[in-house]
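In this note's numbering, the protein residues as written are 463 to 705.
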Amino acid sequence: MPLRIDILTLFPEMFQPVLGTSIPKRAADKGLVSYHLTNVRDFATDAHKSVDDRPFGGGPGMVMMCPVVFDAVAAAEAQDPRPARRILLSPQGRVFDQRLAEELAREQRLLLIAGHYEGFDERIIEGLRPMEVSIGDYVLSGGELAAMVVIDAVVRLLPGVLGHQDGAADETFADGLLEFPQYTRPREFRGMPIPEVLLGGNHAAIAKWRLQQRKERTRQRRPDLWRAYLDKQQQQQQTAREP
Ligand code: 4GX
């Protein structure tokens, strides 16, 4: 069964350009994933089609209301018997990373809730118990772009989505190091040559140079990743020594 992804949003039209392009589209065309958009506003019951209201206690902005969100989740979930892993995009959430992408790629069904406005009525989180996920420490105007980031990172990990060529195996974060620099034609551009080692055809030397580059770049640019890499290496050596 393909992965089913439900998206609950007030702006379903934002998703078509992304899900209908490149890898997310290719994955759906191959039958490896399906996308299902639910417009939360369709579940508004009053004449004005309200989905948000002013916060109790006062303050700026509007808050997404419980009834529409609960009804939208129930309607989406009833479309398929498989239980969905519920995810709500929010700066309060667990910070999204490659490890979480890999975890989500093993699910059968995801349901993403993308909110606009200042936030959700807290009882949405209390009652629906979604996993709160943040794509980083900055403020977006809505959860839609965050949902698309999560979907893109997950879908490209599904078996069969990427060709063997652009396989997800040996790239950044698979082993915790940044990538090595790449070059293509021409051999010299505006006075800038390419590293000599890449022209020699000595594959062992090239592999060694690339690993060196990856380590050096990670150490200089991402000391946090470099620390984690060193710790992991040390752990592996420890395990290898155990009887
Ligand atoms: N990573 N936003 C969600 C509305 C909101 C506020 C509070 C729930 C609780 C974001 C991020 C993000 C802005 C999306 C506020 N929803 N989402 N939105 N960073 O900034 O995921």
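The beta-carbon is built from N, C-alpha and C at its ideal position, and this holds for glycine as well.
Every value quoted in this text rests on a predicted model; they were computed, and no experiment measured them.
Uninterrupted beta strand (DSSP E) stretches at least 3 residues long and entirely within the segment 534–622 occur at 547–557, 571–575, 593–596, given in chain order.
By DSSP's assignment, F651 forms a beta bridge with M654. In the three-state reduction of the DSSP assignment, R684 falls in the coil class, being assigned neither a helical nor a strand state. A distance criterion of 7 Å places the beta-carbon of V495 beyond contact range of ligand 1, judged by its closest non-hydrogen atom.
Annotation: S512 is outside any alpha helix (DSSP H) and is labelled neither H nor E by DSSP. Judged by beta-carbon spacing, M524 lies within the 8 Å limit of D514, meaning their Cβ atoms are closer than that value.
Under DSSP, no beta-bridge partner is assigned to H626. Contact between the segment 489–500 and the segment 617–625 is present: three or more C-beta pairs spanning the two stretches fall below 8 Å. In the three-state reduction of the DSSP assignment, D504 falls in the helix class, which pools H, G and I. T483 carries a coil assignment under DSSP once its states are collapsed to helix, strand and coil.
Cβ atoms of L590 and D468 stay farther apart than 8 Å, at about 13 Å. Under the DSSP assignment, D637 falls outside any beta strand (DSSP E); it carries neither an H nor an E label. Taking C-alpha positions only, S512 is separated from A506 by approximately 6 Å. Placement of the Cβ of V531 at a distance of 7 Å or more from every heavy atom of ligand 1 is found.
In its chain, beyond the 5 residues on either side, V659 have a beta carbon closer than 6 Å to the beta carbon of W671.
In the structure shown, Y497 falls within a strand segment according to DSSP collapsed to helix, strand and coil. Assigned with DSSP and collapsed to three states, T701 falls in helix. Distance from I549 to P592 at the Cβ level is roughly 6 Å; contact confirmed, criterion being Cβ atoms closer than 8 Å. Of the candidates A537, G520, A536, R516, the residue whose Cα lies closest to the Cα of M527 is R516.
Secondary structure of M527 (DSSP, three-state): coil.
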